[in-house]
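If you count the sequence shown from 1, position 145 lands on 145 in the UniProt record's numbering, and the numbers rise without skipping.
Backbone N, C-alpha and C fix where the C-beta goes; we use that ideal spot for every residue, glycine too.
Bear in mind the structure is a predicted one, so any value in this text is a computation, not a measurement.
Below is one structure, written out as C-alpha cells; the observations come after it.
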Amino acid sequence: MASKIVVLLVPYLSLVMSSCMVLLCWGGNFNQDFQITWGDGRAKILNNGNLLTLSLDKASGSGFQSMNEYLFGKIDMQLKLVPGNSAGTVTAYYLSSKGATWDEIDFEFLGNLSGDPYILHTNVFSQGKGNREQQFYLWFDPTADFHTYSILWNPQRIVFSVDGTPIREFKNLESAGVPFPKNQPMRIYSSLWNADDWATRGGLVKTDWSKAPFTASYRNFNAENACVWKGGKSSCNSGNAGWQSQELDSTGMQRLRWVQKNYMIYNYCTDKKRFPQGLPIECTRA
1 MASKIVVLLV
11 PYLSLVMSSC
21 MVLLCWGGNF
31 NQDFQITWGD
41 GRAKILNNGN
51 LLTLSLDKAS
61 GSGFQSMNEY
71 LFGKIDMQLK
81 LVPGNSAGTV
91 TAYYLSSKGA
101 TWDEIDFEFL
111 GNLSGDPYIL
121 HTNVFSQGKG
131 NREQQFYLWF
141 DPTADFHTYS
151 ILWNPQRIVF
161 SVDGTPIREF
171 KNLESAGVPF
181 PKNQPMRIYS
191 SLWNADDWAT
201 RGGLVKTDWS
211 KAPFTASYRN
221 FNAENACVWK
231 GGKSSCNSGN
241 AGWQSQELDS
251 TGMQRLRWVQ
261 KNYMIYNYCT
271 DKKRFPQGLP
281 IECTRA
C-alpha cells in the first residue's frame, strides 16, 4: 500500500511544491488582518504579526476572527496542527456569516491518539442548513510542518484544497433548488477547543489533559484574491479576476478523484441509511 501511495503522489509533487513556494512569497499580517476573540491569553500573535498560535488547556481553548468580511474569494492559510496525542481536540478553520439562516464553509481537524491519522472534516452550510459532511485522511503528517488549506468560493462553486490539491467541490445547484452561499458576507474564524464528547472515535477516546497545553500554529494568510465586503459594497468588480469564474480543469478533476478514491473516509452523498427518503439533490446532480 505504501509503495502504491508513493507512485500516486509523484505526478502531483511538483505542483504541490510550486503552490507552497508561491504562497510563501506573500503572507498577511495577523496584527492587521485578525483579532483574537477569546481564550484569556491562550491565543498569541508572534514574530511581528507573521505567526499566530492557539492553545487549549483544561480551563479553556482560544480563537480568532478576521477583521474583514468577504463575499467570494480565494483564501489560503497555512496551519500546523496539534502534535502528539491530540485526541479530543478540534482545530476549526472556517468562513461563516451570522444569523439564524447563516452560511458557512468548514475545515475541521479532529485530533487523534499519537500515531493515528487526523481526520479532516468538511461541511457546507447554506441558509442555516448543513448536513453535508465529507471526511478525509491526509497523505502527510499535518503536525510535522505547515501545510496550506485553501477555499475557493465564487458564484459557481466552492472548492476545498490542501497544498494546491482539490479535495472537494460543492457546485451551485440553485437551478435544482439547492441553496448556495452567495448573498451573505462571511468572516474567517478559527478556534482550538475540547470536543472529547464526539471528536475522537465518536467520543470513546477522551482528552489526556496531562499532555496540555495543546497548540496549533498559523502563518501565511493570503486573501489577496478575495472580495472585501464593507459598507454594503464589495471591493471587487464583477469578472475582474480569473478566480471569480474558476473551475476545475482536467488535471484538477484528476487530482480530486485521486484524493476521494484514496483518502475519503465519509461522504454524506453515499450514506443511504442517513437519508432513507433519498439522497440530497446535490448528490444526484454532482
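By the 10 Å Cβ neighbour count, where 16 or more other Cβ atoms means buried, how is residue i classified, buried or exposed?
{"i": "Q254", "result": "exposed"}
{"i": "W198", "result": "exposed"}
{"i": "A226", "result": "buried"}
{"i": "Y93", "result": "buried"}
{"i": "N154", "result": "buried"}
{"i": "Q277", "result": "exposed"}
{"i": "N194", "result": "buried"}
{"i": "G39", "result": "buried"}
{"i": "L23", "result": "Reliability of the predicted coordinates at L23 is poor, the pLDDT of 37 falling under 50, and the value obtained from them is presented with this limitation in mind. Burial call: buried."}
{"i": "G231", "result": "exposed"}
{"i": "L204", "result": "exposed"}
{"i": "D106", "result": "buried"}
{"i": "D76", "result": "buried"}
{"i": "T148", "result": "buried"}
{"i": "S190", "result": "buried"}
{"i": "S250", "result": "exposed"}
Residues in the same chain with beta-carbon distance under 6 Å from residue i, minus the five sequence neighbours each way, listed in chain order, please.
{"i": "I36", "result": "A43 and F64"}
{"i": "Q184", "result": "S97 and D103"}
{"i": "P181", "result": "D103 and S126"}
{"i": "G49", "result": "N29, F30 and N31"}
{"i": "M264", "result": "F136"}
{"i": "C236", "result": "C227"}
{"i": "V7", "result": "Since pLDDT at V7 reaches only 40, below the 50 mark, its modelled position is unreliable, and no value is offered."}
{"i": "N123", "result": "D106, G130, R132 and E133"}
{"i": "L256", "result": "P166"}
{"i": "F275", "result": "none"}
Cβ of residue i within 7 Å of any heavy atom in the ligand MN?
{"i": "S245", "result": "Questions concerning the ligand MN fall outside what the structure shown contains, since it holds no ligand whatsoever."}
Grab me the residues of residue i's own chain with a C-beta within less than 7 Å of its C-beta, minus the 5 sequence neighbours each way, in chain order.
{"i": "L81", "result": "T91, F109, Y118, P142, T143 and A216"}
{"i": "W229", "result": "E69, Y70, L71 and P185"}
{"i": "Y266", "result": "E133, Q134 and Q135"}
{"i": "G73", "result": "W153, A223, N225, A226 and C227"}
{"i": "S66", "result": "D33, F34, R187 and I188"}
Out of the options, state which residue places its alpha-carbon closest to the alpha-carbon of residue i.
{"i": "V162", "options": "F140, D208, C236 and K182", "result": "F140"}
{"i": "N131", "options": "P276, C269 and Q277", "result": "C269"}
{"i": "A241", "options": "D196, T207 and L152", "result": "L152"}
{"i": "L51", "options": "F34, A59 and K58", "result": "F34"}
{"i": "residue 357", "options": "L192, C283, T284 and G111", "result": "There is no way to answer for residue 357, as the model of the chain reaches only from 1 to 286."}
{"i": "F214", "options": "R274, G61 and L46", "result": "G61"}
{"i": "K211", "options": "K58, S66 and N222", "result": "K58"}
{"i": "R285", "options": "I75, K171, A100 and I158", "result": "K171"}
{"i": "K261", "options": "S66, L138, N123 and V124", "result": "L138"}
{"i": "L120", "options": "V259, R157 and I75", "result": "V259"}
{"i": "A100", "options": "I75, K129, V124 and Q156", "result": "K129"}
{"i": "V159", "options": "I188, G252 and K233", "result": "G252"}
{"i": "I188", "options": "S234, S150, K272 and G41", "result": "S150"}
For residue i, collect the residues of the same chain with a Cβ closer than 8 Å to its Cβ; drop the 5 residues on either side in sequence, then sort them by chain order.
{"i": "F146", "result": "Q78, L79, K80, S217, R219 and N220"}
{"i": "M21", "result": "Caution is warranted here: a pLDDT of 36 is assigned to M21, below 50, making its placement in the model unreliable, and the coordinate value is therefore given only provisionally. Excluding residues within five positions, none has a Cβ falling inside 8 Å."}
{"i": "I281", "result": "L173, A176, G177 and V178"}
{"i": "D208", "result": "N85, A87 and G88"}
{"i": "T53", "result": "A43, K44, L46, T215, A216, S217 and Y218"}
Practice prompt. Could you tell me whether the stretch 115-125 touches the stretch 241-254, where touching means 3 or more Cβ pairs closer than 8 Å?
Written response: no
Fill in: Segments assigned beta strand (DSSP E), at least 3 residues, entirely inside the stretch 143-225
147-154, 157-162, 165-171 and 187-194
Discussion item. Check whether the stretch 69-89 and the stretch 163-177 touch, using three or more Cβ-Cβ pairs below 8 Å as the test.
Written reply: no
Item to complete: Run through the stretch 76-132 for me and flag every whole beta strand (DSSP E) of 3 or more residues, listed as ranges in chain order.
Response: Here the runs fully enclosed are 89-96, 104-110 and 119-125.
Discussion item. Restricting to runs no shorter than 4 residues, where is the alpha helix (DSSP H) found entirely within the stretch 220-278?
Written reply: 250-262
Item to complete: Jot down the residue ranges of each uninterrupted alpha helix (DSSP H) in the stretch 22-55, minimum 4 residues, whole runs only, in chain order.
Response: 30-33
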